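Under my numbering, the residues of the sequence shown are numbered 25 to 385, in order.
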Amino acid sequence: MAQSVVLELKDITKSFDNVQVLKDIDLTVHEGEFVTLLGPSGCGKTTTLRIIAGLEFPDGGQVLLEGANMENTPPEKRNVNMVFQNYALFPHMNVQQNIGYGLKIKKVPKDEIRTRVEAALKLVQMEGFEKRMPAQMSGGQRQRVAIARAIVGNPKVLLLDEPLGALDLQLRRQMQLELKHLQKELGITFIYITHDQEEAINMSDRIVVMRNGTIEQAGTPDEVYNRPRTSFVAKFVGSANVLTGTVTAIKGDTATLSHGAGTMGCTLYGRSAKVGDEISLAIRGENIAIGRECTGGDCLMGIMAEKSFAGGMLRIVVRLSDGTEVVITRQGINFDYDLGETVLISWAASAASAVDEEAAE
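What follows is the structure, given as structure tokens:
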């Protein structure tokens, strides 16, 4: 991956009607990166994208594109393009006219427009659709045309605001693969918005998790999934279990915690902690073992509260003595524990990470 910086957001703030929607956003994006802004509705994802595009101006902070300050620079003067969920195609123009419209406005020669439109259509596998009208195409085809229109001008950064949100599941997954392949082929920096954690994990070089107008964590999919920084990230990305206990021992970067239902371990990942501190850990359901005996050093006791099947995946809920419910997932359907039965759960300390509690307010 190229390491040259293409985009910087520095201390970006934004309010609407005296409600602050972005709070001190700092983000650096490198050339050729696929960066996803992930978070629930209202967290500030779209506002961030619109500020990058120049459709909104921040109340404070700077947007730097290739080192140049974009303050008061209108959208048409920025080397970025945007793809929307609703496609935003001109209904009275055919595919060729829609894709070439921006080039026509910039007074690019007709022959060059034709050549670039053909190249863009080839990239999105839509050759032969030049004369088709938007109303004559499926949702997936219209989205491909919208993407072709966005890339035909060779933008430095392509902004995509939930572009697959209106598609059915099968087509959505197909388009995820196509978009990722297209991004790598073009080498264009993509900044992508979604609230779908699986989509973010599958497509991104880096994920920026947002909440309440702040960045909770930015990192690779592996870092965000396996080493969440906060309990919010742990629960939002992959629905991890978050448990709290008191530190009873620390060895290197590993802590042992006491809990009303037993003992448990986690990796601190450099966090400061000492014996007697109360800290929280995150553990994924797929990393939890269940049994009738404690075969390892640390175990928690609970009652089998629920079990259900979803395809080939078994979802188990164990209720601990303090009422906390721990969700365990495992492949296959063979499981010989009964509801109400006392069980013991455990995990390797390396599979659990210490997390901060709800960083954003």
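Glycine included, C-beta positions come from ideal geometry on N, C-alpha and C.
On a predicted model such as this, the values are computed, not experimentally measured, just so you know.
When only Cα atoms are considered, residue 334 and residue 355 end up about 10 Å apart.
By the Cβ-count criterion, residue 293 is exposed, with fewer than 16 other Cβ atoms from all chains shown falling within 10 Å of its own Cβ. Secondary structure note for residue 86: it is in no alpha helix (DSSP H), and the uninterrupted beta strand (DSSP E) holding it is 84-89.
With contacts defined as CB atoms closer than 8 Å, residue 225 and residue 51 fail to qualify as a contacting pair.
With a cut-off of 8 Å on Cβ pairs, the region 311-330 is in contact with the region 358-378, counting three or more such pairs. If you check the CB distance, residue 304 and residue 381 come in under 8 Å.
A residue is called buried when at least 16 other Cβ atoms come within 10 angstroms of its Cβ; residue 315 does not meet this threshold and is exposed.
Between residue 243 and the set 103, 347, 262, 60, the nearest pair of CA atoms involves 60. With 16 or more other Cβ atoms inside 10 Å of its own Cβ, residue 188 counts as buried. Straight-line measurement puts the Cα of residue 275 at about 50 Å from the Cα of residue 80. Taking the C-beta atoms as reference points, residue 269 is found no nearer than 8 Å to residue 345. Between the alpha carbons of residue 329 and residue 338 lies a distance of about 14 Å. Listed in chain order, the non-local C-beta contacts of residue 255 below 8 Å within the same chain comprise 266, 304, 306, 379, 380, 381, 382, local neighbours out to five positions each way being set aside.
Spatial neighbours of residue 146 in its own chain (CB-CB distance under 8 Å, excluding positions within 5 residues in sequence) are not present.
Residue 336 counts as exposed, since fewer than 16 other beta carbons sit within 10 angstroms of its beta carbon. The count of Cβ pairs closer than 8 Å, one atom from the region 96-103 and one from the region 154-162, stays below three, leaving the stretches out of contact. Looking at the backbone, the Cα of residue 38 and that of residue 45 are separated by about 6 Å. In summary, residue 185 is buried, with 16 or more beta-carbon neighbours lying within 10 Å of its beta-carbon over all protein chains present. If you draw a 10 Å sphere on the C-beta of residue 149, you find fewer than 16 other C-beta atoms in it, and that means exposed. Straight through space, the alpha carbons of residue 258 and residue 170 are spaced by roughly 34 Å. The shortest CA-to-CA distance from residue 199 to any of 168, 213, 89, 181 is the one to 168. When the five nearest sequence neighbours on each side are left out, the beta carbons in the same chain lying within less than 6 Å of the beta carbon of residue 286 are those of 323, 324, 325, in order along the chain. Residue state for residue 155 is assigned as coil, using DSSP reduced to three classes. One alpha carbon belongs to residue 358, the other to residue 309, and they sit about 17 Å apart.
The region 213-224 and the region 60-72 touch, with no fewer than 3 CB-CB distances between them shorter than 8 Å. Residues 137, 141 of the same chain have their beta carbon placed closer than 6 Å to that of residue 124, with the five preceding and five following residues left out of the count. Within the same chain, and ignoring the five residues on either side of residue 151 in sequence, the residues whose Cβ sits closer than 7 Å to its Cβ are 145.
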